[in-house]
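Those protein sequences? They're chains B and P, same order as listed. Per the numbering used here, the very first residue in the first sequence carries number 1; after that it's consecutive. Per the numbering used here, the very first residue in the second sequence carries number 1001; after that it's consecutive. Note sheet for the following structure.
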Amino acid sequence: DQQVKQNSPSLSVQEGRISILNCDYTNSMFDYFLWYKKYPAEGPTFLISISSIKDKNEDGRFTVFLNKSAKHLSLHIVPSQPGDSAVYFCAASGTGTASKLTFGTGTRLQVTL
Amino acid sequence: SAVISQKPSRDICQRGTSLTIQCQVDSQVTMMFWYRQQPGQSLTLIATANQGSEATYESGFVIDKFPISRPNLTFSTLTVSNLSPEDSSIYLCSVGGGRREQYFGPGTRLTVT
């Protein structure tokens, strides 16, 4: 049972435009959400997170939006840069299992010139 | 964030043998985690390793197959025993951050022939 889903395996965006990566979850106990970026042959790098008490968190070019009623979160990257080309994973953590992260399957972002 | 190193970075092993992966952190941390990423799949938590106590394994993972040591606050090992081709994966260690984020090592790519 995949509790965190990223339904788009890949996404291609032109440099300078907005990239929107989506993530859905099914477990109502999740109350903290994270995005990671992964380059080939490297470990995932933490990007940004959001608590369920918020609906938006912004850090530079990266903004995460959370829609609790829809159990949906998205990562916006504006403007997209070629160096953003990587696999993006969303992850979730739940109350009572605060240390455990459940990951989605990832979306490969390609930023083209 | 902590600086995490893993050894080896990759290995090719014959079926039936074992591989021990080392994870070293540049600062003392309470919790360390071991994940597996099978080809084309998400990251799956194998176990949580706290210093001074037995590792806590996730459903589907057992100590006989994935023994873990945590001798101090900066080091842990994961052994993958009795290797089969299905164990071919990337194995990653991570440590907890300030809130619920985790920081990952570069991973160990294991190929079983």
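Even glycine gets a Cβ: it sits at the ideal position worked out from N, Cα and C. A quick note: this is a predicted structure, and the numbers were derived from the prediction, not measured.
ask   = Do three or more CB pairs link the region 1002-1016 of chain P to the region 91-111 of chain B at distances below 8 Å?
value = no
query = Quick one, are the C-beta atoms of Pro1067 (chain P) and Thr1079 (chain P) less than 8 Å apart?
reply = yes
key: Residue span of the beta strand (DSSP E) that contains Phe1061 (chain P), given as start and end   = That residue, Phe1061 (chain P), is in no beta strand (DSSP E); it is neither H nor E in DSSP.
ask   = Listed in chain order, which residues of the region 6-36 of chain B have Cβ atoms closer than 7 Å to some Cβ of chain P?
value = Tyr32, Leu34
key: 3 or more residues per run - each beta strand (DSSP E) lying fully within the region 18-54 of chain B   = 19-25, 30-38, 45-51
query = What's the C-alpha gap between Ser52 (chain B) and Thr63 (chain B)?
reply = 15 Å
query = Would the beta-carbon of Ser1081 (chain P) fall within 8 Å of that of Cys1093 (chain P)?
reply = no
query = Should Thr1044 (chain P) and Gly1096 (chain P) be called a contact, given that it needs their Cβ atoms to be closer than 8 Å?
reply = no
Rounded separation between Asp1064 (chain P) and Asn1072 (chain P) - CA only = 21 Å
query = For Gln1041 (chain P), which option in P:Glu1101, P:Ser1089, P:Tyr1103, P:Arg1015 has the closest C-alpha, if you only look at C-alpha atoms?
reply = P:Ser1089
request  = Please state whether DSSP places Pro9 (chain B) in a helix, a strand or coil.
outcome  = coil
task = Can you grab the Cα-Cα spacing for the pair Ala1047 (chain P) / Leu75 (chain B), in whole Å?
result = 28 Å
request  = With a 10 Å radius around its C-beta and 16 neighbouring C-beta atoms as the bar for buried, classify Leu73 (chain B) as buried or exposed.
outcome  = buried
ask   = Is any beta-carbon of chain P found at less than 8 Å from that of Pro40 (chain B)?
value = no
Proximity winner among B:Val13, B:Ile18, B:Leu34, B:Ser10, relative to Thr102 (chain B) (alpha-carbon distances) = B:Leu34
query = Are Gly1014 (chain P) and Thr1111 (chain P) closer than 8 Å when you measure CB to CB?
reply = Here residue 1014 (chain P) turns out to be Gln, not Gly, going by the sequence shown. The answer is no: Cβ separation not under 8 Å.
query = In three-state DSSP terms, what is Pro1008 (chain P)?
reply = coil
Helix, strand or coil at Gly94 (chain B) [DSSP, three-state] = strand
ask   = How many whole angstroms separate the CB atoms of Thr95 (chain B) and Asp31 (chain B), which I take to be in contact at a CB cut-off of 8 Å?
value = 5 Å
task = Answer yes or no: does any C-beta atom of chain B fall closer than 8 Å to that of Ser1106 (chain P)?
result = The sequence given here has Pro at residue 1106 (chain P), not Ser. So, interface residue.
inquiry  = Using a Cβ-Cβ cutoff of less than 7 Å, which residues in the same chain neighbour Gly1107 (chain P) once the five nearest sequence positions on both sides are dropped?
reply    = Gln1006, Ile1090, Tyr1091, Leu1092
task = Could you name the residues of the same chain whose beta carbon sits closer than 7 Å to that of Glu15 (chain B), not counting the 5 residues immediately before and after it, in chain order?
result = Ser80, Gln81, Pro82, Val111, Thr112, Leu113
task = For the region 49-66 of chain B, enumerate the residues whose C-beta is nearer than 9 Å to any C-beta of chain P, in chain order.
result = Ser49, Ser51
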